[in-house]
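A.B. asks: In the working numbering, the protein residues as written are 1054 to 1223. Before I ask anything, here is the structure I am working with.
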Amino acid sequence: MGTHPDGPAQLKKCSTRLSTYLAKHPSPLTNNNSAKNIHLPFIMKVMSIRTTLSLQVHPTKEQARELHENDPVNYPDRNHKPELAYALTRFELLCGFRPAREILKNLQTFPSFRLLFGGDTKTKPLEDCIMKMKNSDTVNQDSPEYNYSRQYLESCFRFMMTLTNVHVSF
């Protein structure tokens, strides 16, 4: 349901594409633009979620515009993809990363989490960086510890996301 070129909606009574209809009937929803086709800056999805969904990462509006300009074949849309979830039943959503101190606490509390993040080989450097930052009053985002912690977290996350067969006991 929307104006995305890969699955454009059509009006039921006349089979006109929604993007064409919106172009002929400017409104605040389309910033009162008039063009041949108007594409909405969001994608509407109706989903029945019974199992875990894949990870989705969307660029910011500025990143989307730059990606589209540099590689329109692989990034055909110059818009970002803000998402809104409206749950009709119980639903859990994870967004972003937890604060560094919570990641450290979870690594120390849950051995299975450590394993998913690559065991001591991957998590120990991350823990060391977080501990150094934890002991300072303020976190300097230009500090080596901050930059290393981001790199180590990325390494742990990449390890977890590329696992093919995991057996973790809780």
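Quick reminder that beta carbons are idealized off the backbone N, C-alpha and C, glycines included.
Got a sec? Which residues, its chain only, sit under 8 Å from K1262 by beta carbon, not counting five neighbours each side?
C.D. replies: Past the edges of the chain, shown from 1054 to 1223, lies residue 1262, and the structure says nothing about it.
A.B. asks: Quick one: what's Q1051 bridged to in DSSP?
C.D. replies: Past the boundaries of the shown model lies residue 1051; the chain is included only from 1054 to 1223, so the question cannot be answered.
A.B. asks: Excluding sequence positions up to five away, which residues of its chain have a Cβ less than 6 Å from the Cβ of H1121?
C.D. replies: Once the five neighbours on either side are set aside, the close Cβ partners of H1121 are Y1128, R1131.
A.B. asks: Which of the three DSSP states is assigned to K1185 in this structure?
C.D. replies: Of the three classes helix, strand and coil, the one that applies to K1185 here is helix, per DSSP.
A.B. asks: Can you list, in chain order, the residues of its chain with a C-beta nearer than 6 Å to that of F1150? Leave out the 5 residues immediately preceding and following it.
C.D. replies: Counting only Cβ-Cβ distances below 6 Å, and skipping sequence neighbours, we find nothing.
A.B. asks: How is the alpha helix (DSSP H) around N1200 delimited, first residue to last?
C.D. replies: It spans 1197-1214 - the alpha helix (DSSP H) in which N1200 sits, taken as one unbroken run.
A.B. asks: Can you give me the start and stop residues for the alpha helix (DSSP H) that F1166 sits inside?
C.D. replies: From DSSP, the alpha helix (DSSP H) with F1166 extends over 1164-1169.
A.B. asks: What is the rounded straight-line gap between the Cα of G1055 and the Cα of L1106?
C.D. replies: Distance between the alpha carbons of G1055 and L1106 is about 21 Å.
A.B. asks: Let me confirm a value: G1171 is counted as buried when at least 16 other C-beta atoms fall within 10 Å, else exposed. Which label applies?
C.D. replies: Counting Cβ neighbours within 10 Å, G1171 comes out buried, since at least 16 surround it.
A.B. asks: Apart from the five residues just before and just after F1223, which ones in its own chain have a Cβ nearer than 8 Å to its Cβ?
C.D. replies: Since pLDDT at F1223 reaches only 48, below the 50 mark, its modelled position is unreliable, and the value read off the structure follows with that caveat. Correct list, in chain order: S1165.
A.B. asks: Under the rule that 16 or more other beta-carbon atoms within 10 Å means buried, what is R1211, buried or exposed?
C.D. replies: Exposed, since its Cβ has fewer than 16 Cβ neighbours within 10 Å.
A.B. asks: From the DSSP output, in three-state form, read off K1098 for me.
C.D. replies: K1098: coil per DSSP, three-state reduction.
A.B. asks: Is T1056 helix, strand or coil when you go by DSSP?
C.D. replies: Note: T1056 maps to coil in three-state DSSP.
A.B. asks: Taking DSSP as the reference, what is the three-state secondary structure of I1156?
C.D. replies: The answer is helix: DSSP assigns I1156 an H, G or I state.
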